[in-house]
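Participant: Sharing a structure with you now.
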Amino acid sequence: ISVDVNKPGHAIAPNLFGIFFEDINLSADGGIYPELVRNRSFEDADTLQNWKFTSANNQSKALVCTANVLSRQPVTPLNAFNRKSLLIDANGLFKMENEGYFGMNAVQGNSYTFKMAARTSTNFNSSVKVRLVGSNGKELASGEIKGFDEKWQYFSLTLTPSTTDPKAHLEISGEGTGKLYLDMVSLMPDKTWKNSGLRVDLAQAIDALHPKFFRFPGGCWVEGEDFEHMYHWKNTIGNIDSRTSLWNIWGYNATHGLGYHEYLQMAEDLGAEPLFCINAGVSHKETVSTDRIGPWIQDALDAIEYANGPLTSVWGSIRAKNGHPAPFNLKYLEIGNENFGKEYFANYELIAKAVLAKYPDMKLIANDWSGGHPTEPSPELIDEHYYNNPDWFVLNATKYDGYDRKGPKIFIGEYAVTSGSGKGNLRGAIGEAAWMTGMERNSDIVEMGAYAPLFCNANHKRWPINLINYDSYRWYGLPSYYVQEMFANNQGTVTLPVNVEGGPQVEMPSSSGRIGLGTWNNTAEFKDLKVVAPDGKMLYQSDFSKSIDDWTKTGQGDWSVKDGILKQSAIATGVTAFVGDKSWKNYTVTLKAR
Ligand code: AHR
36 ISVDVNKPGH AIAPNLFGIF FEDINLSADG GIYPELVRNR SFEDADTLQN
86 WKFTSANNQS KALVCTANVL SRQPVTPLNA FNRKSLLIDA NGLFKMENEG
136 YFGMNAVQGN SYTFKMAART STNFNSSVKV RLVGSNGKEL ASGEIKGFDE
186 KWQYFSLTLT PSTTDPKAHL EISGEGTGKL YLDMVSLMPD KTWKNSGLRV
236 DLAQAIDALH PKFFRFPGGC WVEGEDFEHM YHWKNTIGNI DSRTSLWNIW
286 GYNATHGLGY HEYLQMAEDL GAEPLFCINA GVSHKETVST DRIGPWIQDA
336 LDAIEYANGP LTSVWGSIRA KNGHPAPFNL KYLEIGNENF GKEYFANYEL
386 IAKAVLAKYP DMKLIANDWS GGHPTEPSPE LIDEHYYNNP DWFVLNATKY
436 DGYDRKGPKI FIGEYAVTSG SGKGNLRGAI GEAAWMTGME RNSDIVEMGA
486 YAPLFCNANH KRWPINLINY DSYRWYGLPS YYVQEMFANN QGTVTLPVNV
536 EGGPQVEMPS SSGRIGLGTW NNTAEFKDLK VVAPDGKMLY QSDFSKSIDD
586 WTKTGQGDWS VKDGILKQSA IATGVTAFVG DKSWKNYTVT LKAR
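Residue numbers (UniProt numbering): 36 to 629.
Structure (structure tokens):
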């Protein structure tokens, strides 16, 4: 290999390697947000979830109560946004236990702050005991709380474990009669990364990647199944007791302890450019048309004002009240996630125009998904996502070499090897590394990119392969993590021509290469496939006589070929046929449904 240092090419994009943080796989709660109590505000369900209640004489009960003006329940909520609380109707000895997120990590000598809000409606005047208990049943730390009143009051104490146990749990017990209401029962480590409120080891793991940007908070989490469950940033700021929790598309209730403000703060603490991805009026199951997009536009404008506005602005003053008077300097706003189609394009146009009218310097990112992206107004960057097998990434490392340089810049917002690499192995990491050389070489057009997903609590895995995996007290990175770290910590400033001499030389017939097919339909059947090579030669014409072994499956699909029919029997994102060598060529493919 020879490198010509006298012929510098283009500068390597300074923000090329960043991270994408999605609240997936318990990344926030049960991950970097270190609350140890699960379902601290009893909002998870109408029944008691993630808590175990026992009554020694079976005479005490625990009920989740919802303050509802229409139901005439005489329940006073902690506040108007936190309407559920726990009622302990005590008559004797009772105990409540919480294991947190698959065990609480109690570290000997470290201090933990226990807090809870409580009230009594019937003069429950006994004390309650709070204990941190090890997996062997031994007490690690304890304290006592008393003095309940008809009004909600906050109580707190410090617990300092006498021994280390990563699988500890919390117990709250009492003996008495009367009605005791509890809410916001919390146990937090006092020691956090840079006093930021984040779990130390996980924050250090992403800090070591020196991310240049920080995309948040999703992903599909931004879209939600429907509009009720899309990400509403305004419900995630301010006093944590009045943040509305939300059922997360990845299968758990999100407390929003890590909210919009904390994401911006996290980006600042990591020295990364924040990149906020907003819902574009498109969820997985619902879409709004342009006549109803007004609230989405307002939310986008307000989010920017919250991040950047002066103290005299409404949202800028709320940011200051929440502890950050200086602007966060948000420059990147992504409109939508993996959205496509005419409704998305129309919504994008209205949101983008309104944002640019007020904030002309904002760098807008549009989705490029399912073969296209909105162009009016022209986005600064378009977000492309790639999940595939190692070979695909190696073969596509040259994808941008001949790419049209006139359009918007590329943001590869999500990429990762997700198949053909076991649970995430060296093969996958090498595929990504090859792909990243292509990103670097083409960073005059590919300005930014991030591996996805970043985080996974190993006890709640909802995505097959994830970069950083952890439980209550330890983490490990896939080989892909070390590839990310290596590239991020060794980013050059300029590209240089590289010449590879020797090595195997392969003569390719001009008509050989690779084609890909993909559909979303899981019962599709095709006939009359025609594949015409770049030189005009007809390669296939309704010829499925070859066995499926000649077809390499990619993505999550399952395809078969029988009696001249290409049949898809499960959801497929793509099928690739090798026609000779393995590189992608400009074939013309025509396909007729059966
Ligand atoms: O990274 C996991 C998911 O993959 C993201 O939520 C979504 O954008 C993509 O489909």
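Beta carbons: idealized from backbone N, C-alpha and C, even for Gly.
Quick check on the burial criterion: 16 or more other C-beta atoms within 10 angstroms. Buried or exposed for Tyr-189?
Facilitator: With fewer than 16 other Cβ atoms within 10 Å, it is exposed.
Participant: Report the rounded CA-to-CA distance for Leu-244 versus Ala-523, giving the unit in angstroms.
Facilitator: Approximately 6 angstroms, taken between the alpha carbons.
Participant: Quick one: does the C-beta of Asn-270 sit closer than 7 angstroms to a heavy atom of the ligand NAD?
Facilitator: For the ligand NAD, the structure offers nothing, since it holds only the ligand AHR.
Participant: Which residues in the same chain have their Cβ closer than 6 angstroms to the Cβ of Ala-302, if we skip the five residues on either side of it in sequence?
Facilitator: If we look at Ala-302 and ignore the five residues flanking it on each side, its Cβ neighbours are Phe-249 and Pro-309.
Participant: Going by the C-beta, is Ile-241 closer than 7 angstroms to any heavy atom of the ligand AHR?
Facilitator: It does not: the Cβ of Ile-241 is nowhere closer than 7 angstroms to a heavy atom of the ligand AHR.
Participant: Measuring only the C-alpha atoms, how far is Ala-605 from Pro-499?
Facilitator: Because the pLDDT at Ala-605 is just 44, under 50, the model does not fix this residue reliably, and the point stays unresolved.
Participant: Which first and last residues belong to the beta strand (DSSP E) in which Thr-212 is found?
Facilitator: Note, Thr-212: beta strand (DSSP E), 200 to 224.
Participant: What does a CB cutoff of less than 8 angstroms around Leu-461 pick up in its chain, not counting 5 residues either side in sequence?
Facilitator: Counting only Cβ-Cβ distances below 8 angstroms, and skipping sequence neighbours, we find Pro-514.
Participant: DSSP state of Phe-428, grouped into three classes?
Facilitator: If DSSP states are grouped into helix, strand and coil, Phe-428 belongs with the helices.
Participant: From residue 5 to Gly-466, what distance separates their C-alpha atoms?
Facilitator: Only positions 36 to 629 of the chain appear in this structure, which leaves residue 5 out of reach.
Participant: Could you check what DSSP says for Gln-239 in three-state terms: helix, strand or coil?
Facilitator: It is helical.
Participant: What three-state label does DSSP hand Lys-42 in the structure shown?
Facilitator: Three-state DSSP puts Lys-42 in coil, outside helix and strand.
Participant: Would you mind reading off the limits of the beta strand (DSSP E) that contains Lys-119?
Facilitator: Taken as a continuous stretch (DSSP letters only), the beta strand (DSSP E) holding Lys-119 covers 119 to 133.
Participant: Tell me the residue span of the beta strand (DSSP E) that contains Lys-398.
Facilitator: Counting along the chain, the beta strand (DSSP E) containing Lys-398 begins and ends at 398 to 402.
Participant: According to DSSP, what are the bridge partners of Phe-311?
Facilitator: Paired residues: Phe-251 and Leu-368.
Participant: I need the DSSP call for Ile-47, collapsed to helix, strand or coil.
Facilitator: Of the three classes helix, strand and coil, the one that applies to Ile-47 here is coil, per DSSP.
Participant: Rounded to whole angstroms, what's the CA-CA distance from Val-142 to Cys-100? Just pull it up for me.
Facilitator: Rounded to the nearest angstrom, the two C-alpha atoms are 34 angstroms apart.
Participant: Run the proximity test for Ala-487: is its beta-carbon closer than 7 angstroms to any non-hydrogen atom belonging to the ligand AHR?
Facilitator: Checking the Cβ of Ala-487 against the ligand AHR gives yes.
Participant: With 16 as the cutoff for other CB atoms within 10 Å, does Leu-61 come out buried or exposed?
Facilitator: By the 10 Å Cβ count, Leu-61 comes out buried.
Participant: Using a 10 Å radius around the Cβ and a threshold of 16 neighbouring Cβ atoms, would you call Gln-84 buried or exposed?
Facilitator: Per the 10 Å Cβ criterion, exposed.
Participant: So, helix, strand or coil for Gly-178, using DSSP?
Facilitator: Three-state DSSP puts Gly-178 in a strand.
Participant: Cβ of Gly-253 within 7 angstroms of any heavy atom in the ligand AHR?
Facilitator: Checking every heavy atom of the ligand AHR against the Cβ of Gly-253, one is found closer than 7 angstroms.
Participant: Within a Cβ cutoff of 7 angstroms, which residues of the same chain sit near Thr-322, ignoring the five residues on either side of it in sequence?
Facilitator: Cβ within range, chain order: Gly-316 and Glu-378.
Participant: Would the beta-carbon of His-408 be found less than 7 angstroms away from any heavy atom of the ligand AHR?
Facilitator: No, the beta carbon of His-408 sits no closer than 7 angstroms to any heavy atom of the ligand AHR.
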